[in-house]
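Heads up, the thing below is written out as C-alpha cells.
Numbering (our numbering), first residue to last: 4 to 176.
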C-alpha cells in the first residue's frame, strides 16, 4: 500500500508545503538539470546530486498548485499605478475638476481643489474594505467630493466618464 503522502494531490501537497513555510520551515533542494519529459524518479535522483544552486521547493510546488487551479493562465492582468510617477495627465486634474464642476456650482480655485485633493488622498479612507472589485468608483467619489465640496451625483458621473475616455491624454514624465 502506498504511503499516505503519495495519495495526496499536487494541490494538497502544495497547500501543506505552504503551511510549512508559514510555520517557518524553509525546505531547500538542489536545482536539477532534467527536462520536463524525463521521469519523476530521475528528477528526484538529480535533485539529490550536486546541482547548480539552491531553490526553495515551495516555489515549484506553489506553481504546480496554481497550475492545478488555473491551468496555464498564471496572470490575468498586471495593474500598474503609473500616473504621477511615470506619466502625468496633459491637463491637470484640478483644472478638469474645476472646468466640469463650474456648471455644478464648484467655486474653489484650481489651487484650492489641488490642496483639498492632496489632503483627501492622503487621509485613510473610511470605506477601508476597498478591494478594487468595482470599489474604485466609491473611492473616487469620496476624493471628488472632498476636493471640490460638490456631492452632486451627476457631477461625479460626468467626471468619472470623462476620465474613462480617450480625451484624457497622458504624457511621459
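Note that CB positions come from ideal geometry on N, CA and C, so glycine has one too.
For clarity, every value in this text was computed on a predicted model and none was experimentally measured.
Asked                                                                                                                       : Found
From the DSSP output, read off the bridge partner residues of residue 173.                                                  : 92
Could you check where the alpha helix (DSSP H) with residue 141 kicks off and where it finishes?                            : 139-151
Less than 8 Å separating the beta-carbons of residue 89 and residue 176?                                                    : yes
Would you say residue 116 and residue 97 are within 8 Å of each other, going by their C-beta atoms?                         : yes
Would residue 159 and residue 171 be called neighbours here (beta carbons separated by less than 8 Å)?                      : no
Can you tell me which residues form a DSSP beta bridge with residue 83?                                                     : According to DSSP, which records beta bridges pairwise, residue 83 is partnered with nothing at all.
Given a cut-off of 8 Å on the beta-carbon distance, is the pair residue 139 and residue 111 in contact?                     : no
Could you give the DSSP three-state label for residue 66: helix, strand or coil?                                            : helix
When you compare the CB positions of residue 103 and residue 173, do they come within less than 8 Å of one another, or not? : no
Do residue 149 and residue 119 have their C-beta atoms closer together than 8 Å?                                            : yes
Helix, strand or coil for residue 53 per DSSP?                                                                              : Low confidence applies here, because residue 53 scores a pLDDT of 44, under 50, leaving its location unreliable; read the following figure in that light. DSSP places residue 53 in coil when its eight states are reduced to three.
With residue 126 as the anchor, note down where its alpha helix (DSSP H) starts and where it stops.                         : That residue, residue 126, is in no alpha helix (DSSP H); it is neither H nor E in DSSP.
Tell me the DSSP secondary structure of residue 110 in three-state form.                                                    : coil
Could you tell me the distance, in whole angstroms, from the CA atom of residue 114 to the CA atom of residue 105?          : 15 Å
Measure the Cβ-Cβ separation of residue 67 and residue 19 and say whether it is below 8 Å.                                  : no
Along the chain, where does the alpha helix (DSSP H) containing residue 160 start, and where does it finish?                : 156-165
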